[in-house]
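J.: Respectively, the protein sequence lines represent chains B and A.
The numbers in UniProt numbering rise by one with no breaks, and the one at position 252 of the first sequence is 252.
The numbers in UniProt numbering rise by one with no breaks, and the one at position 139 of the second sequence is 139.
What follows is a single structure, and I will ask about it in a moment.
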Amino acid sequence: MANSRQYTDEELIQRVWDVEEIKKLIHKRVIYITNEMRKEELNDLWVQDPNHQKTASFGRNTGYYTGMDAIRDYYVVHHQKEREEQLKQLHAANPAIADVPQNLHIGCLSSHPVSTGLVELAGDGKTAKGLWYAIAQETEAQPDGTGKALWMPEKIAVDFVKEEDGWKIWHIVVSTDLVSEAGEDYSEQEVYHNYETNPVDVEFGTPTIAKLIHNTDFNWWDNYPPMPEAYETFSDAVSYGPEGYVRPALYGLDSKEGRNFR
Amino acid sequence: MGKTYSTEELVSRWEDQRYMKNLMGKYANCMILNREHEIFDRFWSKKTENLCLSFNDGAYKGAEAIRAYYEAEYRRNDLVAHLLQKRFPEKLGSLSDEELYGIGPFKVKPMSCPIIEIAEDHQTAKGLWYCQGAYNKVEGCGPVARWTWGYFAVDFTYEDDAWKIFNLMYVNDVDCICGQSWGKEEKPYPPLPEFQPLEEFKYPEYSVKKTIRPLYAPDRVLTKAPEIPVPYRTFAETFSYGIS
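If you want it as C-alpha cells, here you go:
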C-alpha cells in the first residue's frame, strides 16, 4: 500500500535527499568491508544512540547477534582472531610472510558490492528499510600459496534510523544464497546445505539467537529477508531484527513441498 | 555532518549528483560501444590544467597524453576488427572500414555503489564507484573474456554549466580469465598466429609509470580502495584522485 500522506515541497525534497543519504551509507559500507574496516564500520555507520545500540542486530542465515556488544564480538573481535590465526598458518608455511600486524589480512579480498537497491522511507521519516543484492566474493590466502576464492551472492536487508548526525544502520540481515569456489561448477554442489562445513555458517558461529532464518536448499522459497513495503512508522512487525522474523508457512524440508521440491 | 542546505540548494545538488551519475553511465556506454576516442572531447575538462587518467600501473598526465591514450584505444579496436575480418572473410570480408569498426572488443564496466560529494563552493565534486566489470577482448591468443573488478574514482569540475572530469582513476583488484579462480595462477590460452599483431601493439608510454594499485595476489598486503569522498568546502581542502 502506497504512502498516502500529503507532504509539502520541502518535506518531499527532504525525503528524496534522505533516500540518497541512505544509499550513500550502504555504499560506504561496501568500501569499509573491502578495506577491512569492520571496527570503523560499527563506529561510523551503525547506530550510536544507546537505546538503538541495545536493539541493534546482525543476522545471517543461521540467526542473529543482538546488541552492539555481541555484534562487535562477532564482527570485529572474532574476525580479528581468525585473521591472526590465518596469518600464523601462512607464516608457518612460508616464513617469508612475517607474522607482523602489517601482514594481517594479507591475501584477503572481500567485495560485497550492492545493486538493485530498494529503499522505503517511513511515512514519519524517522526510519527506513532497504534491500539490495550483492554478487559478493571473499578470498583468503592459503598456506599452499594460493588464494581460496569464494563466490557468495547474497541479499542484504537493512533497517535504518535517523539519529542526530544522520542515518545509521540499525538492523542488518545478510542472507547468503550460495557459496561456491571460483572456477568450480556450482551445479555440482551437494543439494543439501552442510551447516558444519559451510564457511559462512562456520564464520558466523553461534549467534545470540540461533535459528535457521534463510534455508538455501530450495532457493528463495522462505522469502527471508522479505522486500520492504511502504510503511508509516517503525514497529517490530516490519523489523529486519529477530522480532520481525516470521516463520514461513511452507518451511523447507518440513513441508515436503515447495516451488522447487517435489 | 556538512553544511545545511536550503530546499532549493538540495534540489540543485540532487540534480548535480544525477548529472555525474549519468556522465559516468555515458562513459561506460562509450566503452561498451568502443567509442573511447569520443570520451575526451565529451567528458573531460577543457579548462583545467594537470588532468590525470590513471590505471593500476601508471598514469597519463595532461590533455595531450590522455587524448593520445583514448586514440590508441581506437587504433587497437580498429586493428582487432581488421584481424577478425581476415580471420572470418566470409562473414566480415565485404564490410567497409566504417562498418567493420567496433567488431570484437566488448568492455562492460557497470558502475555501482556511487558515493558522491559536491564541494560547498560548487566548483568541484568527487565520486567513487565500484565496478564489477568484464573485459571481453581479443589478445594474441584470440578472444578472451576477463573479469575486472575495481573502482572508478573521479574528480569533477564545474565549467560552462556542466560537470567535467579532471582526474579519473580506474583501478582493479581482479583482472582474471572468466571461469578461473583469481586466487590461483592464471592458465593462459595458447597464442594464435593470426592475432600476433596484437602482441606488438603498444599503448603510449605512461607519463608516470608506477604501481598505483597492485592486482590481487595471495601475497598482496591489505590494499585499501581509493579514498571515500567526504564533505568538503573547496578542492584545496580535500584529497585528489590525481597522481603525482
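A virtual CB, placed ideally from N, CA and C, is assigned to each residue, including glycine.
Taking a contact to mean a Cβ-Cβ separation below 8 Å, would you say E10 of chain B touches T7 of chain A in this structure?
T.: As a working note, residue 10 of chain B is residue 10 in the first sequence. As a working note, residue 7 of chain A is residue 7 in the second sequence. In contact: E10 of chain B and T7 of chain A (Cβ atoms closer than 8 Å).
J.: Closer than 7 Å by beta-carbon distance: list the chain B residues that pair up with Y130 of chain A, in chain order.
T.: By 1-based counting over the second sequence, the position of residue 130 of chain A is 130. Those are V30 and P113, listed as they occur along chain B.
J.: If we count the other Cβ atoms within 10 Å of its Cβ and call it buried at 16 or more, is T8 of chain B buried or exposed?
T.: Working through the first sequence from its first residue, we reach residue 8 of chain B at position 8. Classification of T8 of chain B: exposed, given that the 10 Å Cβ count is below 16.
J.: What does I228 of chain A touch in chain B if you count any residue whose Cβ is under 8 Å from its own?
T.: Within the second sequence, residue 228 of chain A is the residue found at index 228, counting from 1. What I228 of chain A touches in chain B: K28 and I31.
J.: If you check the beta carbons only, do C178 of chain A and A134 of chain A fall under 8 Å apart?
T.: As a first step, residue 178 of chain A must be located in the second sequence, where it is residue number 178. As a first step, residue 134 of chain A must be located in the second sequence, where it is residue number 134. Contact flag set, yes.
J.: With a threshold of 8 Å between beta carbons, is H105 of chain B in contact with chain A?
T.: The sequence position of residue 105 of chain B within the first sequence is 105, counting from 1. So yes, H105 of chain B belongs to the interface.
J.: T124 of chain A: buried (16+ other C-beta within 10 angstroms of its C-beta) or exposed?
T.: To locate residue 124 of chain A, count along the second sequence from 1; it is residue 124. Under this definition T124 of chain A is a buried residue.
J.: Please name the residue, chosen from B:L118, B:N223, B:G145 and B:N194, that lies closest to S175 of chain B on a Cα-to-Cα basis.
T.: Residue 175 of chain B sits at position 175 when you count from the first residue of the first sequence. Minimum Cα distance to S175 of chain B is reached at B:N223.
J.: For G244 of chain B, which three-state DSSP category applies?
T.: Within the first sequence, numbered from 1, the residue matching residue 244 of chain B stands at position 244. Looking at G244 of chain B - three-state DSSP - the assignment turns out to be helix.
J.: Using C-beta distances below 8 Å, list every residue in its chain close to V202 of chain B, excluding the 5 sequence neighbours before and after it, in chain order.
T.: As a first step, residue 202 of chain B must be located in the first sequence, where it is residue number 202. These residues qualify, in order along the chain: E196.
J.: Distance, Cα to Cα, E227 of chain A vs D121 of chain A?
T.: Mapped onto the second sequence, residue 227 of chain A falls at position 227. Mapped onto the second sequence, residue 121 of chain A falls at position 121. Rounded to whole angstroms, E227 of chain A to D121 of chain A spans 21 Å at the Cα level.
J.: Since V114 of chain B sits in a beta bridge, which residues does DSSP pair it with?
T.: Position 114 of the first sequence, counting from 1, holds the residue named residue 114 of chain B. Secondary-structure assignment with DSSP links V114 of chain B through a beta bridge to B:A134.
J.: Can you tell which of B:E190, B:T233, B:P207 and B:A237 has its C-alpha closest to the C-alpha of T216 of chain B?
T.: Here residue 216 of chain B refers to the residue found at position 216 when the first sequence is read from its first residue. Closest option to T216 of chain B, Cα to Cα, is B:E190.
J.: Beta-carbon of A182 of chain B versus every beta-carbon of chain A: anything under 8 Å?
T.: Walking along the first sequence from the start, residue 182 of chain B turns up at place 182. Interface residue, yes.
J.: May I ask you to report which of helix, strand or coil DSSP gives P143 of chain A?
T.: By 1-based counting over the second sequence, the position of residue 143 of chain A is 143. In this structure, P143 of chain A counts as strand in the three-state DSSP scheme.
J.: Tell me the rounded alpha-carbon separation between A230 of chain B and G123 of chain B.
T.: Looking up residue 230 of chain B in the first sequence gives position 230. Looking up residue 123 of chain B in the first sequence gives position 123. Looking at the two C-alpha atoms, the distance is approximately 8 Å.
J.: Does the distance from the CB of E117 of chain A to the CB of Y232 of chain A come in under 8 Å?
T.: One-based indexing of the second sequence puts residue 117 of chain A at position 117. One-based indexing of the second sequence puts residue 232 of chain A at position 232. In this structure, Y232 of chain A lies closer than 8 Å to E117 of chain A by Cβ.
J.: Using a Cβ-Cβ cutoff of 7 Å, what residues of the region 167–180 of chain A are near chain B? List them in chain order.
T.: D173, G179 and Q180
J.: Can you have a look at Y192 of chain B and say buried or exposed, based on whether 16 or more other CB atoms are within 10 angstroms of its CB?
T.: Working through the first sequence from its first residue, we reach residue 192 of chain B at position 192. Y192 of chain B should be labelled exposed.
J.: How should D155 of chain A be labelled, buried or exposed, when 16 other C-beta atoms within 10 angstroms of its C-beta is the threshold for buried?
T.: By 1-based counting over the second sequence, the position of residue 155 of chain A is 155. Answer is buried; the Cβ neighbour count reaches 16.
J.: For A93 of chain B, which residues from the same chain have a beta carbon less than 6 Å from its beta carbon, with the 5 sequence-adjacent residues on both sides left out?
T.: In the first sequence, residue 93 of chain B corresponds to position 93, counting from 1. Around A93 of chain B: P143.
J.: Are the C-beta of I115 of chain A and some C-beta of chain B separated by less than 8 Å?
T.: Against the second sequence, residue 115 of chain A aligns to sequence position 115. Chain B, which has a Cβ nearer than 8 Å to the Cβ of I115 of chain A, makes this yes.
J.: According to the neighbour-count rule (16 or more other Cβ atoms, all chains shown, within 10 Å of its Cβ), is S96 of chain A buried or exposed?
T.: As a working mapping, residue 96 of chain A is identified with position 96 in the second sequence. That one is exposed.
J.: Can you tell me whether DSSP reads F234 of chain B as helix, strand or coil?
T.: Sequence index remark: in the first sequence, residue 234 of chain B carries index 234 (1-based). DSSP places F234 of chain B in coil when its eight states are reduced to three.
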